[in-house]
Amino acid sequence: PEPRVGHAPERSEALFARARAVTPGGVNSPVRAFRSVGGSPRFIERASGAYLTDADGNDLIDYIGSWGPMILGHNHPDVRAAITDALAGGTSFGAPGWREVDLAELIVRVTGVGKVRFVNSGTEATMSALRLARGFTGRDYIVKFRGNYHGHADGLLVEAGSGLITNADGLGASAPSSAGVPQAYAQLTLVSEYNDADALDELMRERGHEIAAIIFEPVIGNAGVIVPTPAFLAALHRAREGGTLLIADEVMTGFRLARNGATERLGLHPDLICWGKIIGGGLPVGAYGGRADVMDFVSPQGPVYQAGTLSGNPLAMAAGLATLRALDADPDVYTRLDAYTSRLADGLRAAADATGVPVTVQHIGSMLTVFFLDAATLPHGEVRSYADAANADTAAFARWFQALLARGVYWAPSQFESIFVSAAHGDAELERTLEAARAAFAEVKA
Ligand code: PMP
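Per full-length UniProt numbering, the very first residue in the sequence shown carries number 15; after that it's consecutive.
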């Protein structure tokens with residue numbers, strides 16, 4: 015059946031008004047509030063395959079995929095069946111169960127890490143991996159990159175991306191991105207520029223002996239899609255020589271850019287990897303894993319404490335297992351995801367060109383961003399850093415976003431985010447998206 019669109023978002027607006035009265039900003043995670051694009055966020059009633067249905071009965075082609083987890087599409091029958099099966103046996107035991115072992119074995123087999131520990135979010139994964147790196151090395155400092163987002167743990171809210179770019183009033187040099195992060199704590203986080211190999215080499219020469227870990231997005235999603243240069247990746251790996259641990263934050267890219275994420279796709283050799291999103295199949299799961307000698311520092315085996323009442327929850331493990339097994343059983347799922355995304359990128363560029371709107375479309379695997387800026391004005395002819403991305407015309411983006419939404423296409427509601435394509439996106443969705451995009455570019459131009 016044809017998707018239904020064009021219903022005024024009256025119920026969404028009424029729900030948002032009620033939500034604002036009882037929840038800060040009316041949402042439980044900032045980017046959902048549509049602050050940078052204006053208007054009321056759509057409240058979602060249900061989802062299936064490539065579509066969301068909002069509270070007013072509009073069917074929207076979904077390019078957010080719950081910000082990454084729904085790589086198989088929404089409400090996948092295998093995932094639903096696995097959750098239902100787990101549910102019949104009770105929801106939480108506070109004691110180990112077989113699903114945790116199955117999922118850990120699968121992750122170890124696919125990713126080659128020595129050991130893995132489950133937590134409940136990406137934030138917990140990165141926070142725990144950093145504590146582990148500090149405990150293992152006996153060093154206090156960490157390095158992150160400007161515009162990268164690793165969740166909302168104190169030490170990582172320094173020059174951070176994602177909602178921090180969208181909602182903050184600007185980033186100060188080496189300053190916390192959030193109120194409530196003590197300066198003394200933020201000072202333990204050294205910030206370097208993404209894709210600047212020389213800056214990282216210099217920082218490591220001067221301070222390397224004090225640095226426990228470098229954490230990085232192996233492809234940035236949280237400032238829009240930015241791909242690392244080979245020279246930058248080489249500098250990251252050089253940094254390990256002095257004993258600094260390299261932590262790949264694959265919360266977004268893990269099981270998305272390839273079976274073994276960016277690690278496989280870009281040929282990385284991290285000491286630790288953080289996951290989230292896809293490994294929970296739409297339920298709350300995060301994980302961190304890596305070298306067995308490092309992971310053995312985690313409690314109860316080692317001295318680095320980390321725990322969780324609901325960690326390894328049977329429903330969450332069931333959803334993750336079903337998702338990873340479905341990906342594992344589909345040998346060309348990543349080829350299809352890449353092909354859809356490449357066709358989407360080509361179509362968007364053609365549509366923008368035809369209407370004379372300057373955009374820079376960047377994509378890798380099933381991640382894509384349309385930057386509203388002219389690549390010819392950038393030092394390298396492409397977006398390579400947060401500083402490049404910051405030149406984007408966010409007002410033009412907002413108009414484009416609203417024009418798409420009015421036509422039933424639910425894009426990420428911020429210029430500084432990636433969109434996520436799912437295996438449920440097919441020819442019909444591509445065609446409808448490009449038709450809407452052509453009209454939306456024309457509206458931006460008008
Ligand atoms: N790391 C990265 C790269 C992320 O994109 C995110 C969330 N978008 C996180 C960490 C934090 O994950 P969570 O929202 O599950 O805490």
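Think of the CB as a built atom: it goes at the ideal place given N, C-alpha and C, for glycine as much as any other residue.
> Taking the alpha-carbon positions, what's the A47 to P23 distance?
Replying inline: Along the sequence shown, read from residue 1 onward, the residue named residue 47 stands at position 33. Along the sequence shown, read from residue 1 onward, the residue named residue 23 stands at position 9. Taking the straight line joining both Cα atoms gives about 15 Å.
>> Assuming T277 and A262 are in contact, meaning their beta carbons sit under 8 Å apart, how far apart are those beta carbons, in whole angstroms?
In response: For the purposes of this step, residue 277 is taken as residue 263 along the sequence shown, with counting starting at 1. For the purposes of this step, residue 262 is taken as residue 248 along the sequence shown, with counting starting at 1. About 6 Å separates the beta carbon of T277 from that of A262, a gap short enough to meet the 8 Å contact definition.
> By Cβ distance below 7 Å, which residues in the same chain neighbour I292 in space, the five residues on each side in sequence not counted?
Replying inline: The residue given as residue 292 occupies position 278 in the sequence shown. Spatial neighbours of I292 in its own chain (CB-CB distance under 7 Å, excluding positions within 5 residues in sequence) are listed in chain order as G82, P83, I85, G268, F269, R270 and T337.
> R46 by DSSP, collapsed to three states: which one?
Replying inline: Here residue 46 corresponds to residue number 32 of the sequence shown, with the count starting at 1. If DSSP states are grouped into helix, strand and coil, R46 belongs with the helices.
>> Quick check: F57 and S26, are their CB atoms within less than 7 Å of each other?
In response: Start at 1 with the first residue of the sequence shown, and residue 57 comes out as number 43. Start at 1 with the first residue of the sequence shown, and residue 26 comes out as number 12. For F57 and S26, yes; Cβs fall inside 7 Å.
> Which class does Q416 belong to by DSSP, given the choice of helix, strand or coil?
Replying inline: For this step, residue 416 is matched to residue 402 along the sequence shown. DSSP, read as helix, strand or coil, puts Q416 in helix.
> Going by alpha carbons, who is nearest to G104 out of A401, F386 and N327?
Replying inline: Residue 104 sits at position 90 when you count from the first residue of the sequence shown. Nearest option by C-alpha distance: N327.
> In chain order, which beta strand (DSSP E) runs of at least 3 residues are fully inside the segment 305-355?
Replying inline: Fully enclosed beta strand (DSSP E) runs of 3 or longer: not present.
> If you count every other CB in all the chains shown that lies within 10 Å of the CB of E16, and 16 or more means buried, which is it?
Replying inline: Locating residue 16 in the sequence shown gives position 2, where the first residue counts as 1. Exposed: under 16 other Cβ atoms inside 10 Å.
>> Judging by CA-CA distance, which residue of R148, G422 and T383 is the nearest neighbour of G20?
In response: For this step, residue 20 is matched to residue 6 along the sequence shown. Ranking R148, G422 and T383 by Cα distance to G20 puts G422 first.
> Pick from R357, A366, L146 and A28: whose alpha carbon is nearest that of A442?
Replying inline: Here residue 442 is taken as the residue at index 428 of the sequence shown, counted from 1. Ranking the options by Cα distance to A442, first place goes to R357.
>> Looking at the ligand PMP, does it come within less than 6 Å of S135, judged from the CB to the closest heavy atom?
In response: Here residue 135 corresponds to residue number 121 of the sequence shown, with the count starting at 1. Yes, the Cβ of S135 comes within 6 Å of a heavy atom of the ligand PMP.
>> Which residue wins for smallest C-alpha separation from R305, given the options L286, G296 and N89?
In response: As a working mapping, residue 305 is identified with position 291 in the sequence shown. Of the candidates L286, G296 and N89, the one whose C-alpha sits nearest the C-alpha of R305 is L286.
> If you draw a straight line from the alpha carbon of D76 to that of T447, how long is it in whole angstroms?
Replying inline: The sequence position of residue 76 within the sequence shown is 62, counting from 1. The sequence position of residue 447 within the sequence shown is 433, counting from 1. Each residue's Cα considered, the two are about 10 Å apart.
> Less than 7 Å separating the beta-carbons of M381 and G235?
Replying inline: The count along the sequence shown starts at 1 and reaches residue 381 at position 367. The count along the sequence shown starts at 1 and reaches residue 235 at position 221. With contacts defined by Cβ atoms closer than 7 Å, M381 and G235 form a contacting pair.
>> Here's the rule I'm using: 16 or more other beta-carbon atoms within 10 Å means buried, otherwise exposed. How should Q197 be labelled?
In response: Looking up residue 197 in the sequence shown gives position 183. Exposed, by the Cβ-count rule.
> With which residues is Q376 paired in a DSSP beta bridge?
Replying inline: In the sequence shown, residue 376 corresponds to position 362, counting from 1. Residue pairing from DSSP places Q376 in a beta bridge opposite T383.
>> Within 8 Å, do at least three Cβ pairs link the segment 203-214 to the segment 229-243?
In response: Cβ pair count under 8 Å is three or more, so yes.
> Taking the alpha-carbon positions, what's the A454 to D360 distance?
Replying inline: By 1-based counting over the sequence shown, the position of residue 454 is 440. By 1-based counting over the sequence shown, the position of residue 360 is 346. When rounded, the separation of the alpha-carbon atoms in A454 and D360 is 16 Å.
> What does H88 pair with, by DSSP beta-bridge criteria?
Replying inline: Walking along the sequence shown from the start, residue 88 turns up at place 74. According to DSSP, H88 bridges with G63.
>> Pairs of beta-carbons, one from the segment 313-329 and one from the segment 65-72, closer than 8 Å: are there three or more?
In response: The answer is no - the segment 65-72 does not touch the segment 313-329, with fewer than three Cβ pairs under 8 Å.
>> Tell me the DSSP secondary structure of W425 in three-state form.
In response: By one-based count along the sequence shown, residue 425 stands at place 411. Three-state DSSP puts W425 in coil, outside helix and strand.
>> Can you tell me where the beta strand (DSSP E) holding R131 begins and where it ends?
In response: Counting from 1 along the sequence shown, the entry for residue 131 is found at position 117. Where R131 is concerned, the enclosing beta strand (DSSP E) stretches over K129 to V133.
>> Using C-beta distances below 8 Å, list every residue in its chain close to H377, excluding the 5 sequence neighbours before and after it, in chain order.
In response: Within the sequence shown, numbered from 1, the residue matching residue 377 stands at position 363. Same-chain partners within the cutoff: V239, T355, S356, L358, A359 and T383.
> Which stretch, first to last residue, makes up the beta strand (DSSP E) that contains L171?
Replying inline: What you label residue 171 is simply residue 157 of the sequence shown in a count that begins at 1. L171: not part of any beta strand (DSSP E); DSSP gives it neither H nor E.
> Between which two residues does the beta strand (DSSP E) containing I78 stretch?
Replying inline: Against the sequence shown, residue 78 aligns to sequence position 64. Counting along the chain, I78 sits inside no beta strand (DSSP E), nor does DSSP assign it H or E at all.
> Is the Cβ-Cβ distance between F385 and A410 less than 7 Å?
Replying inline: Taking the sequence shown and counting its residues from 1, one reaches residue 385 at position 371. Taking the sequence shown and counting its residues from 1, one reaches residue 410 at position 396. The answer is no: Cβ separation not under 7 Å.
>> Am I right that V308 and L170 are in contact with their C-beta atoms under 8 Å? What's the rounded C-beta distance?
In response: For this step, residue 308 is matched to residue 294 along the sequence shown. For this step, residue 170 is matched to residue 156 along the sequence shown. That pair is no contact at about 19 Å.
>> So, with DSSP's three-state summary, where would you put T243?
In response: Position 229 of the sequence shown, counting from 1, holds the residue named residue 243. If DSSP states are grouped into helix, strand and coil, T243 belongs with coil.
>> Only counting the same chain, and skipping five residues up and downstream in sequence, which positions put a Cβ closer than 7 Å to that of G63?
In response: Here residue 63 refers to the residue found at position 49 when the sequence shown is read from its first residue. Within the same chain, Cβ atoms closer than 7 Å to the Cβ of G63 are found at G87, H88 and A438, the five residues on either side in sequence being excluded.
> In three-state DSSP terms, what is T203?
Replying inline: Residue numbering aside, residue 203 sits at position 189 when the sequence shown is read from its first letter. For T203, the secondary structure class from DSSP, reduced to helix, strand or coil, is strand.
> Within 6 Å: the Cβ of G71 and any heavy atom of the ligand PMP?
Replying inline: To locate residue 71, count along the sequence shown from 1; it is residue 57. For G71, the distance from the CB to the nearest heavy atom of the ligand PMP is not below 6 Å.
> What are the start and end residues of the alpha helix (DSSP H) that includes A33?
Replying inline: Looking up residue 33 in the sequence shown gives position 19. It spans E24 to V36 - the alpha helix (DSSP H) in which A33 sits, taken as one unbroken run.
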